[in-house]
Amino acid sequence: MSKNIKIVGVGSYLPEKILTNLDLQKTVDTSDEWIRTRTGIRERRIAREDQASSDLAVEAAKIALQKASLKPEEIDLILVATITPDMFFPSTACIVQDKLGAKNAAALDISAACSGFIYGLVVSHSLICQGQYKKVLLIAAETLSKITDWEDRSTCVLLGDGAGAVVLAPSDSGKEGLLASTLGAIGSAGNLLYLPGGGSRNPTTHQTVDKKLHYLKMQGNDLFKLAVKSLVEAAENVIQKAKIKPQDIDLFIPHQANIRIINASAKRIGIPMDRVYINVDRYGNTSAASIPIALDEALREGKIKKGDLILLDAFGGGLTWGACLLRW
Ligand code: COA
Numbered sequence: 006m007s008k009n010i011k012i013v014g015v016g017s018y019l020p021e022k023i024l025t026n027l028d029l030q031k032t033v034d035t036s037d038e039w040i041r042t043r044t045g046i047r048e049r050r051i052a053r054e055d056q057a058s059s060d061l062a063v064e065a066a067k068i069a070l071q072k073a074s075l076k077p078e079e080i081d082l083i084l085v086a087t088i089t090p091d092m093f094f095p096s097t098a099c100i101v102q103d104k105l106g107a108k109n110a111a112a113l114d115i116s117a118a119c120s121g122f123i124y125g126l127v128v129s130h131s132l133i134c135q136g137q138y139k140k141v142l143l144i145a146a147e148t149l150s151k152i153t154d155w156e157d158r159s160t161c162v163l164l165g166d167g168a169g170a171v172v173l174a175p176s177d178s179g180k181e182g183l184l185a186s187t188l189g190a191i192g193s194a195g196n197l198l199y200l201p202g203g204g205s206r207n208p209t210t211h212q213t214v215d216k217k218l219h220y221l222k223m224q225g226n227d228l229f230k231l232a233v234k235s236l237v238e239a240a241e242n243v244i245q246k247a248k249i250k251p252q253d254i255d256l257f258i259p260h261q262a263n264i265r266i267i268n269a270s271a272k273r274i275g276i277p278m279d280r281v282y283i284n285v286d287r288y289g290n291t292s293a294a295s296i297p298i299a300l301d302e303a304l305r306e307g308k309i310k311k312g313d314l315i316l317l318d319a320f321g322g323g324l325t326w327g328a329c330l331l332r333w
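The letter at position 209 of the sequence shown is residue 214 when you use the working numbering, and the numbering goes up by one with no holes.
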């Protein structure tokens, strides 16, 4: 049993290929101006044809392991948050376990869409504090470009590919770790963001492909309102549980879906924009991967110091939502 957890290594990986708004302007009826003003996105990364989510996951994981000075064999649990698994089964976590040579690790995928990393952090915290596992590799990896309808301007401008990873270990110092967390779901709103085809409801046939059921569907407008509401409520919940004030938060890392959602949420929570980490302009919405990618960048840019209070906050398909307040 341990009191809390600590993040001992962080890494991220973004595919090299950059797809700009100007590129998209040439293929769908949209404009750089529309995309920038409605979403804050300028460009996003796109995985190569031969790259699946596990390939991105492995690159991010290798960096996180190196930062943690750990060998893959020392990991006893791998969790992969993704809605773009390599295939239905085996799980992407099992594929990653093999590619890394993490032969002593159990492996499990988490399907909670954009909240997947937060769900994974809370699950890892419980398992580590119960003493079940000591070294957990939590990865979030997405290749949304593979489930995107590139003729649908209402979704294709929003999404991108990438992966982020953290290595978690027990902490008994009483100084660092997860101070408070909350998770939730609104299953009744699942139809706002989903992928209808290919599962047991609509097994893949020529017809499901003709109807484009293998692509992600989104009702952006309705999602927008629920997104702000969920982000604000989740943040207020952890702020209250940890008995802190919004102004105590050193860095707010929200899920990177849309700059307008981020601005509206930060304002309502009461966090000034100079304490909000933003990279949606460069990567678009990378679903579960967005928070660990941002966390890794913030660390490398020196925006996080020992003892800082960090708020992670996400919402996504499911619908799911969740927040974690961390003492670094
Ligand atoms: N380029 C140009 N016009 C576009 C467009 C694009 N890429 N996508 C949609 N439009 C059009 C629509 O067709 C609509 O036209 P109409 O008025 O003639 O019908 C118009 O722009 C306005 O669309 P609307 O949906 O009202 O825009 P919006 O201000 O709500 O912005 C989103 C759309 C998708 C950017 C916004 O709703 C959003 O970000 N929602 C949340 C999405 C999200 O976060 N999803 C992930 C959850 S994890």
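For every residue, glycine included, the Cβ atom is placed at its ideal position computed from N, Cα and C.
For the ligand SAM, is there a heavy atom less than 6 Å away from the beta-carbon of residue i?
{"i": "residue 119", "result": "As for the ligand SAM, it is missing from this structure, which binds only the ligand COA."}
Give the range of the beta strand (DSSP E) segment to which residue i is assigned.
{"i": "residue 329", "result": "325-332"}
{"i": "residue 110", "result": "From DSSP, residue 110 is part of no beta strand (DSSP E); its letter is neither H nor E."}
{"i": "residue 175", "result": "166-176"}
{"i": "residue 138", "result": "Taken as a continuous stretch (DSSP letters only), residue 138 belongs to no beta strand (DSSP E), as it is neither H nor E."}
{"i": "residue 318", "result": "314-321"}
{"i": "residue 22", "result": "22-25"}
Between the options, which has its C-alpha nearest residue i's C-alpha?
{"i": "residue 292", "options": "31, 88 and 33", "result": "88"}
{"i": "residue 312", "options": "243, 180 and 303", "result": "180"}
{"i": "residue 56", "options": "193, 289, 22 and 10", "result": "22"}
{"i": "residue 162", "options": "123, 221 and 145", "result": "221"}
{"i": "residue 237", "options": "216, 317 and 192", "result": "317"}
{"i": "residue 64", "options": "299, 18 and 75", "result": "18"}
{"i": "residue 199", "options": "283, 153, 260 and 305", "result": "153"}
{"i": "residue 288", "options": "54, 256 and 148", "result": "148"}
{"i": "residue 50", "options": "109, 25, 85 and 227", "result": "25"}
{"i": "residue 284", "options": "264, 269 and 274", "result": "264"}
{"i": "residue 104", "options": "114, 290, 77 and 129", "result": "77"}
{"i": "residue 203", "options": "212, 197, 145 and 310", "result": "212"}
{"i": "residue 111", "options": "119, 102, 117 and 118", "result": "102"}
Give a single yes or no on whether residue i has its beta carbon closer than 6 Å to a heavy atom of the ligand COA.
{"i": "residue 323", "result": "no"}
{"i": "residue 204", "result": "no"}
{"i": "residue 195", "result": "no"}
{"i": "residue 111", "result": "no"}
{"i": "residue 229", "result": "yes"}
{"i": "residue 150", "result": "no"}
{"i": "residue 35", "result": "yes"}
{"i": "residue 167", "result": "no"}
{"i": "residue 155", "result": "no"}
{"i": "residue 326", "result": "no"}
{"i": "residue 242", "result": "no"}
{"i": "residue 192", "result": "no"}
{"i": "residue 162", "result": "yes"}
{"i": "residue 280", "result": "no"}
{"i": "residue 262", "result": "yes"}
{"i": "residue 14", "result": "no"}
{"i": "residue 333", "result": "no"}
{"i": "residue 45", "result": "no"}
Please classify residue i as buried or exposed, where buried requires at least 16 neighbouring CB atoms within 10 angstroms.
{"i": "residue 27", "result": "exposed"}
{"i": "residue 206", "result": "exposed"}
{"i": "residue 31", "result": "exposed"}
{"i": "residue 359", "result": "With the chain covering 6 to 333 only, the question about residue 359 has no answer from this structure."}
{"i": "residue 54", "result": "exposed"}
{"i": "residue 176", "result": "buried"}
{"i": "residue 327", "result": "buried"}
{"i": "residue 44", "result": "buried"}
{"i": "residue 114", "result": "buried"}
What are the start and end residues of the alpha helix (DSSP H) that includes residue i?
{"i": "residue 241", "result": "225-246"}
{"i": "residue 402", "result": "Residue 402 falls outside the range modelled here, since the chain spans only 6 to 333, and no answer is possible."}
{"i": "residue 15", "result": "Careful: residue 15 lies outside any alpha helix (DSSP H), inside the beta strand (DSSP E) at 9-18."}
{"i": "residue 273", "result": "264-274"}
{"i": "residue 159", "result": "158-161"}
{"i": "residue 214", "result": "211-215"}
{"i": "residue 88", "result": "No alpha helix (DSSP H) contains residue 88, which DSSP labels as neither H nor E."}
{"i": "residue 295", "result": "295-305"}
Check the Cβ-Cβ distances between residue i and every residue of chain D, and say whether any is below 7 Å.
{"i": "residue 311", "result": "Of the chains in the structure shown, none is chain D; there is only one protein chain."}
At least three beta-carbon pairs within less than 8 Å, the region 54-64 to the region 85-102
yes
Quick check: the region 97-106 against the region 122-136, are at least 3 beta-carbon pairs closer than 8 Å?
no
Should the region 34-47 be called in touch with the region 272-282, which here means at least 3 C-beta pairs below 8 Å?
no
Count the CB pairs spanning the region 296-305 and the region 9-18 that are closer than 8 Å, and state whether there are at least three.
yes
For the region 224-236 and the region 314-329, state whether three or more C-beta atom pairs, one from each stretch, are separated by less than 8 Å.
Contact between the region 224-236 and the region 314-329 is present: three or more C-beta pairs spanning the two stretches fall below 8 Å.
Decide if the region 66-80 is in contact with the region 167-184; the criterion is three or more beta carbon pairs, one per stretch, under 8 Å apart.
yes
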